[in-house]
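Residue numbers (our numbering): 1 to 183.
Beta carbons: idealized from backbone N, C-alpha and C, even for Gly.
Taking it in order: structure first as structure tokens, then the write-up.
Structure (structure tokens):
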């Protein structure tokens, strides 16, 4: 049932959000010259997929977890996109393709071995990664791998249609700060 909601909402989001997507893309051309950011991430069953987001950091920023990146890498537009979570909109394409869900554990990088090991032990990779979830609502990011893996497993074990809509709603109204960039 959740997959049906994922497809419907991501399709509606892409269609009705197209003007916003285009405006951000054009602004991104002026901001960095490269408005779209693609990065290999760990997905369901530890299969890799290419995550798509709006670029929020300068093009030459090292490919590391957000909490390890310097805030000086954030662009002016990127700072706004992160605060409003608009940088996540292109991931609706990942959802539509079946690589992600709207709700699930945030996909990590392949070099985050501690997090991968903890999540593997708790069965977190048995589900699709998501754009938002319990950890995001609780402001838990990848800088605390044990807490993140535990929270992800808690979310998975208690997932329901009610919680699915609850996490989407809480994200939409601004709950959670998103990934932290090192200050």
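For residue 102, the three-state DSSP class (helix, strand or coil): The answer is strand: DSSP assigns residue 102 an E or B state.
Which residues in the same chain as residue 129 place their Cβ atom closer than 6 Å to its Cβ, once the five residues preceding and following it in sequence are excluded? Closer than 6 Å at Cβ, skipping near neighbours: 43, 100, 104, 105, 107.
If you reduce the DSSP assignment to three classes, tell me which class residue 164 lands in. Per DSSP, reduced to three states, the secondary structure at residue 164 is helical.
Does the structure place the region 79-87 close enough to the region 107-122 that three or more beta carbon pairs sit under 8 Å? Taking a cut-off of 8 Å for Cβ pairs, the region 107-122 and the region 79-87 do not touch, as fewer than three such pairs fall below it.
For the region 120-135 against the region 147-158, do three or more pairs of beta-carbon atoms, one drawn from each stretch, fall closer than 8 Å, so that the two count as touching? Verdict: yes, contact present.
For the beta strand (DSSP E) that residue 132 lies in, which residues bound it at each end? From DSSP, the beta strand (DSSP E) with residue 132 extends over 130-132.
Do you know whose CA, among 171, 78, 97, lies nearest residue 10's CA? Here the closest residue by C-alpha is 97.
Within 7 Å (strictly less), CB to CB, does residue 176 reach chain E? Of the protein chains in the structure, only one exists, and it is not chain E.
Residue 269 to residue 163, Cα distance in whole Å? Outside the displayed range of the chain (1 to 183) lies residue 269, so it cannot be described from this structure.
Give the straight-line distance between the Cα atoms of residue 33 and residue 27, rounded to the nearest whole angstrom. Roughly 9 Å between the two C-alpha positions.
Spatial distance of residue 90 from residue 30 (CA atoms): So the alpha carbons of these two residues sit roughly 18 Å apart.
Helix, strand or coil for residue 46? Go by DSSP, reduced to three states. The DSSP-derived three-state label of residue 46 is helix.
Residue 37: which of 172, 47, 51 sits nearest, CA to CA? The residue with the shortest Cα to Cα distance from residue 37 is 51.
Those residues which DSSP pairs with residue 57 across a bridge: DSSP, once it has assigned bridges, lists 74 as partnering residue 57.
One or two residues paired with residue 37 in a DSSP bridge: BP columns for residue 37 point to 53.
Name the two residues that bound the continuous alpha helix (DSSP H) containing residue 114. Residues 113-121.
Any non-hydrogen atom of the ligand MN within 6 Å of residue 44 CB: Absence of the ligand MN from the depicted structure is noted, as is the absence of any ligand whatsoever, leaving it without description.
Going by C-alpha to C-alpha distance, which of 56, 88, 87 sits closest to residue 74? Minimum Cα distance to residue 74 is reached at 56.
Whose C-beta lies closer than 6 Å to the C-beta of residue 185 among residues of the same chain, with five residues either side of it excluded? For residue 185 there is no data in the structure shown, the boundaries of the chain being 1 and 183.
Within 10 Å of its beta-carbon, does residue 12 have 16 or more other beta-carbons around it, so buried, or fewer, so exposed? When all chains shown are included, residue 12 counts as exposed.
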